[in-house]
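Here is the structure:
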């Protein structure tokens, strides 16, 4: 949640409706803490164990393949011991991955439900001045687009983050264990990645906020058009409303294009 509704205190500058504000800079630590609490401490611990165990099993299976290739146990023409151990490790890793996916799904569903309940309680407990100064489209945006991010995108992002982090750790351990000389090149490579990531995140973070903010006028105009359809037709304002709706949609699409371009910029450089 990088935006503030701006309830209360309307009428400034002769305007009743307040302008939607957005945060700038890094996402506050309180946001991450709130989402972590919504996921639940037990779910976070279970995810940590599941990711660690699955990565350990994958590394173990890869190590066992090297032992098989070198025939360390001198099995000769009877490879069934190698096959049995490798199959057991692979099946165990698959089972742990399945458990991990289920835990992530359940935890994210619970986080989405808790977030929705908190947002709904905050809206229902708001004074009448909040509804007088906040467009309906802005409220709809919070309950639709923003909660969709919590329900869907954060679930996929959580899985991808855990997978990338533990795969990176496992790969680095495996590489350093077999060729420790390569560790001298990891530090400058890590610094280069950090510089590129910080540059990208600063732009991507603001583009995500602009994308969410630019959707509120679309929802507001659509709800107004539905409620006042007869008046729009009676006063011959159909063309004007259609033009304004296209302009709002174009503004949102421009932000989406910039977001896609920034993503491609990062992919090319990585």
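In the numbering used here, the protein residues as written are 17 to 286.
Backbone N, C-alpha and C define an ideal beta-carbon position, used for all residues, glycine too.
Starting from the C-beta of residue i, find all residues in its chain whose C-beta is less than 6 Å away, skip the five residues before and the five after it, and write them out in chain order.
i	result
residue 17	Bear in mind that the predicted position of residue 17 carries a pLDDT of just 42, short of 50, making it too unreliable to give a figure here.
residue 21	In this prediction, residue 21 scores a pLDDT of 42, lower than 50, which makes its location untrustworthy; the coordinate-derived value is nonetheless stated afterwards. 150.
Taking the Cβ atom as the reference point for each residue, do residue i and residue j lie within a distance shorter than 7 Å?
i	j	result
residue 116	residue 85	no
residue 121	residue 54	no
residue 123	residue 59	yes
residue 73	residue 109	yes
residue 282	residue 209	no
residue 152	residue 239	yes
Taking just the CA atoms, how far does residue j sit from residue i?
i	j	result
residue 253	residue 269	24 Å
residue 219	residue 257	32 Å
residue 157	residue 230	10 Å
residue 160	residue 62	30 Å
residue 130	residue 46	16 Å
residue 135	residue 164	13 Å
residue 276	residue 286	15 Å
residue 228	residue 107	42 Å
residue 251	residue 223	38 Å
residue 52	residue 176	16 Å
residue 100	residue 182	26 Å
residue 179	residue 147	43 Å
Using a 10 Å radius around the Cβ and a threshold of 16 neighbouring Cβ atoms, would you call residue i buried or exposed?
i	result
residue 125	exposed
residue 289	With the chain covering only 17 through 286, there is no way to say anything about residue 289.
residue 112	buried
residue 88	exposed
residue 171	buried
residue 154	buried
Output yes if chain D places a C-beta closer than 7 Å to the C-beta of residue i; else output no.
i	result
residue 151	This model lacks chain D altogether; it includes just one protein chain.
Which same chain residues, not among the five before or five after residue i, have their C-beta less than 7 Å away from its C-beta?
i	result
residue 241	248, 257
Whose C-alpha, out of the options, is nearest the C-alpha of residue i?
i	options	result
residue 162	262, 91, 232	232
residue 272	226, 260, 250	226
residue 71	98, 140, 99, 186	186
residue 76	138, 102, 57	102
residue 114	192, 168, 69	69
In its own chain, which residues sit with a C-beta less than 8 Å from the C-beta of residue i, not counting the 5 before and 5 after it?
i	result
residue 119	59, 62, 63, 66
residue 260	237
residue 91	97, 98
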